[in-house]
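Some notes on the structure that comes next.
Numbering (this note's numbering), first residue to last: 35 to 286.
Structure, rendered in structure tokens:
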């Protein structure tokens with residue numbers, strides 16, 4: 035059963051949630067920047083980060099039915115929609131960027147959800163999966179949204195995206211600080227130490243993938259791939275240096 039929209043909103047209004055929002059925003063900015071002139075779709079509970087994509091042509095937040103939906107943004111025209119996460123109400127190739135946050139872990143059919151995300155992804159589009167890390171302490175903290183559902187390893191996410199017809203291009207981790215209130219002020223320092231000393235202690239994995247081939251989804255959710263032959267459709271991947279999702283120097 036998914037976390038309710040009320041529980042998610044409450045968590046991101048607390049100090050721990052504000053920290054998660056800030057650290058994830060740093061990684062997403064490193065990877066995508068402002069996504070100028072792009073159509074961006076957030077699936078799950080991605081609204082805390084969608085505002086950062088300044089210059090995007092269109093921003094849409096798709097919230098699964100088991101979670102519930104909220105009005106977003108608080109001012110102006112609503113950009114959220116309640117969806118069946120195995121049958122998204124968008125046309126094929128409608129979005130240049132797709133971001134999944136709090137989406138895969140509690141999905142009844144994670145592969146079916148990702149197949150739908152790929153269906154609405156443009157041929158040169160880019161997708162980022164954000165998921166609780168199986169080896170991290172946040173996956174064990176039931177007082178956070180990361181402590182519910184199924185956490186993932188990097189290899190599991192790679193297999194998932196390849197099964198959907200995508201190719202992993204970059205990855206990163208964050209949330210090295212344990213999810214305990216007194217330690218949260220140490221988060222920035224632990225981010226620097228954790229990457230070098232305790233890489234397995236990260237609480238969240240981010241995996242970026244692109245279409246190295248068209249994904250043709252057959253009835254029933256099976257995926258067949260057709261090689262892309264047109265150079266103009268080649269994706270623009272993030273930096274592959276040491277597999278890091280970042281395209282800019284690491285920040286302190």
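Cβ coordinates follow ideal geometry from the N, Cα and C atoms, glycine included. Bear in mind the structure is a predicted one, so any value in this text is a computation, not a measurement.
- Residue closest to residue 214, alpha-carbon to alpha-carbon, out of 111, 63 and 174: 174
- Query: Would residue 121 be called buried (16 or more neighbouring beta carbons within 10 Å of its own) or exposed?
  - Reply: exposed
- Query: On the three-state DSSP scale, how would you describe residue 85?
  - Reply: coil
- Query: Taking the alpha carbon of residue 41 as the point to measure from, which residue in 61, 75, 228 and 100 has its own alpha carbon closest?
  - Reply: 100
- Query: Based on the DSSP output, what are the partners of residue 239 in its beta bridges?
  - Reply: 165 and 207
- Would you mind reading off the limits of the alpha helix (DSSP H) that contains residue 229? 221 to 231
- Task: With a floor of 3 residues, list each beta strand (DSSP E) that falls wholly inside the region 92 to 161, ordered by position along the chain.
- Result: 92 to 98, 114 to 117 and 129 to 135
- Message: Helix, strand or coil, according to DSSP, for residue 49 in the structure here?
- Response: helix
- Can you check DSSP and say which residues form a bridge with residue 215? Its beta-bridge partners do not exist; DSSP assigns none.
- Compare the C-alpha of residue 199 against each of 133, 129, 112 and 244 and name the closest. 244
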